[in-house]
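Student: I'd like to ask some things about the structure below.
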Amino acid sequence: MCRKRIGQRKYLYCFLAGLTMILPFGCSSLQQGRLSGDIQNAEELYARGDFEGGLKANQNIMSLCEKKPPCEQALFNMGLIYASNNYVKKDYRKSMAMFQRVVREYPQSPLVPQARTWIGVLAVIERSKDIDIEIERTKKKLAR
């Protein structure tokens with residue numbers, strides 16, 4: 032006579048409990064998918080020669096990814112942009128700093144070997160610039 036009522040509320044509560052447990056993982060994967068699309072967009076901007084657009088897109092990714100993938104890809108892309116000969120505002124020191132961050136902050140990333148190679152190449156370029164400057168100074172001193 033006094034049986035418990037088993038209604039549809041029970042199923043609703045189970046559904047809501049399951050949804051609350053799954054929702055954080057779902058949002059995380061949705062954001063990862065969005066960031067992957069953003070990385071692709073940033074790479075396309077770079078390929079088209081829109082360096083400023085590529086930098087902004089990669090900086091936006093950096094602000095959203097919270098030191099998780101694809102942050103290392105965004106850093107690497109910014110390093111490539113700053114090292115590009117076609118970029119009017121190229122800056123080898125900034126580029127090296129980006130690659131060094133990839134190596135330091137993401138040591139398990141598959142981009143680390145490439146980043147190390149870029150660091151070596153850019154270091155040679157910077158040293159050769161310093162040598163050229165020193166040669167010019169010496170020439171000026173000898174010309175006096």
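Count along the sequence shown from 1, add 31, and you get the number used in the working numbering. Glycine residues also receive a C-beta, built at the ideal position from the N, C-alpha and C atoms.
Report buried or exposed for Gln139, applying the criterion of at least 16 other Cβ atoms within 10 angstroms of its Cβ.
Tutor: Label assigned to Gln139: exposed.
Student: Considering Cα atoms alone, identify which of Ala73, Cys96, Lys99 is closest to Lys87.
Tutor: Ranking Ala73, Cys96, Lys99 by Cα distance to Lys87 puts Ala73 first.
Student: Are Leu106 and Val134 close, meaning C-beta to C-beta below 7 Å?
Tutor: It is not a contact, given that the beta carbons lie outside the stated cut-off.
Student: Return the chain-ordered list of same chain residues with a C-beta closer than 8 Å to the C-beta of Ala154, the five sequence neighbours on each side being excluded.
Tutor: Excluding positions up to five away in sequence, the list reads Met127.
Student: Express the C-alpha separation of Arg147 and Glu136 in angstroms, rounding to a whole number.
Tutor: Distance between the alpha carbons of Glu136 and Arg147: 13 Å.
Student: From Lys172 to Ile162, what does the alpha carbon distance come to, in whole angstroms?
Tutor: About 15 Å.
Student: What is the DSSP secondary structure of Glu97, reduced to helix, strand or coil?
Tutor: Reduced to three states, the DSSP call for Glu97 is coil.
Student: Exposed or buried, which one is Gly68 when buried takes at least 16 other CB atoms within 10 Å?
Tutor: Label assigned to Gly68: exposed.
Student: Which residue's Cα is closest to the Cα of Gln131: Tyr118, Gly110, Asp122, Ser115?
Tutor: Taking only the C-alpha atoms, the option nearest Gln131 is Gly110.
Student: Assuming Gly85 and Asn108 form a contact by the criterion Cβ under 8 Å, report the distance between their Cβ atoms to the nearest whole angstrom.
Tutor: That belief holds up - the Cβ atoms of Gly85 and Asn108 are roughly 7 Å apart, short of 8 Å.
Student: Is it buried or exposed for Pro144, if we count other Cβ within 10 angstroms and need 16 for buried?
Tutor: The residue is exposed, with fewer than 16 neighbouring Cβ atoms inside 10 Å.
Student: Distance, Cα to Cα, Tyr77 vs Asn116?
Tutor: Those two C-alpha atoms are separated by around 12 Å.
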